[in-house]
Structures are given as structure tokens and as C-alpha cells.
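Chemist: In this note's numbering, the protein residues as written are 31 to 149. Beta carbons are placed, not taken as given, at the ideal position from N, Cα and C, and that holds for glycine.
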């Protein structure tokens, strides 16, 4: 299945501007038809979903771009890609630990007020 930029925008819930930005940054590489119009396929869609997951867990665009370049370089970059993802997972785990600690302190404060108010 091929998607025009408008249909791909609708499918992904991203603006056309964002899709063009990702293309400019080298994250997406849509193909061109005989009229030089961009089109995307299922592989582009799956790759974009992965980009969005990386973004959602806080990976900076610069690192996503580096990962994308490694991906384009082929199988010989598997080890480097693995290391990059493992490093980010470590940072993510540290952030989760901080969030859980802060959540615990917030719950303690809520319970303090509930006790004082006899709720």
C-alpha cells in the first residue's frame, strides 16, 4: 500500500509539516513517484512508529537521527545500534526510578493531609 503525504499524515496523526521536518532531518526517506510526489509505504509506517516510540521515551532527535544513520549503514552497525539503545534504556530506567521516588513522596504528603483532615 502506498500513501500520499496527506494520507500518511492522517494515518500517523502527524502534520504534513512534521513529516517534511522528519524528511529534512533524514529520519524519513519517502520514495517519489513519476510526478516527483512523495509516497510512503508500510515499511515507512513501521519505521515512523519506532521513531515515535523512541521520541516518547525521551530520546533526543539528534540520537534518533544517529540511530537512523546507523540503520541505513546496514547489518555491520548492529552492535553500535544495540549499545545506543541499551544506553538510552539505562537513562530511561534511571528516569523511571526518579519518577517512582517522587510519586512515593507525593503519596506520603497526600496521606499526611488526609490524616490531618481525618479523611
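#1: Would residue 95 pass as a contact of residue 56 if the rule is Cβ separation under 9 Å?
#2: The alpha helix (DSSP H) spanning residue 41 covers which residue range?
#3: Below 8 Å on the Cβ atoms is my guess for residue 71 versus residue 31; work out the distance and round it to an integer in Å.
#4: Cβ-heavy atom distance between residue 46 and the ligand FAD below 8 Å?
#5: If you follow the alpha helix (DSSP H) that residue 66 is part of, which residue opens it and which one closes it?
#6: Given this structure, state the Cα-to-Cα distance separating residue 49 from residue 87, to the nearest angstrom.
#7: Alpha carbon to alpha carbon, how far is residue 127 from residue 120? Give it in angstroms, no decimals.
#8: What do you get for residue 140, buried or exposed, if any count of 16 or more other CB atoms within 10 angstroms of its CB means buried?
#9: In whole angstroms, what separates the C-alpha of residue 45 from that of residue 117?
#10: What number of angstroms, rounded off, separates the C-alpha of residue 136 from the C-alpha of residue 142?
#11: Skipping 5 residues on each side, what residues in its chain have a beta carbon closer than 8 Å to that of residue 122?
Modeler: With the given structure in hand:
#1: Along the chain shown, read from residue 1 onward, the residue named residue 95 stands at position 65. Along the chain shown, read from residue 1 onward, the residue named residue 56 stands at position 26. Yes.
#2: For the purposes of this step, residue 41 is identified with residue 11 of the chain shown, where counting begins at 1. Element bounds for residue 41: 35-42.
#3: Stepping through the chain shown from its first residue, residue 71 is reached at position 41. Stepping through the chain shown from its first residue, residue 31 is reached at position 1. The C-beta separation of residue 71 from residue 31 comes to about 7 Å, placing the pair in contact by the 8 Å criterion.
#4: Absent from the structure shown: the ligand FAD. Ligands present: none.
#5: Taking the first residue of the chain shown as 1, we reach residue 66 at position 36. No alpha helix (DSSP H) contains residue 66, which DSSP labels as neither H nor E.
#6: In the chain shown, counting from the first residue as 1, residue 49 sits at position 19. In the chain shown, counting from the first residue as 1, residue 87 sits at position 57. Linking residue 49 to residue 87 through their CA atoms gives a straight-line distance of about 19 Å.
#7: Translated into positions along the chain shown, residue 120 becomes position 90. Translated into positions along the chain shown, residue 127 becomes position 97. Our two residues, residue 120 and residue 127, have alpha carbons roughly 11 Å apart in a direct line.
#8: One-based indexing of the chain shown puts residue 140 at position 110. Residue 140 counts as exposed, since fewer than 16 other C-beta atoms from the protein chains shown sit within 10 angstroms of its C-beta.
#9: Along the chain shown, one-based indexing puts residue 45 at 15. Along the chain shown, one-based indexing puts residue 117 at 87. So the alpha carbons of these two residues sit roughly 30 Å apart.
#10: Counting from 1 along the chain shown, the entry for residue 136 is found at position 106. Counting from 1 along the chain shown, the entry for residue 142 is found at position 112. CA-CA distance, residue 136 to residue 142, rounds to 10 Å.
#11: Position 92 of the chain shown, counting from 1, holds the residue named residue 122. Apart from sequence neighbours up to five positions away, the residues of its chain that approach residue 122 with a beta-carbon distance below 8 Å are 87 and 88, ordered along the chain.
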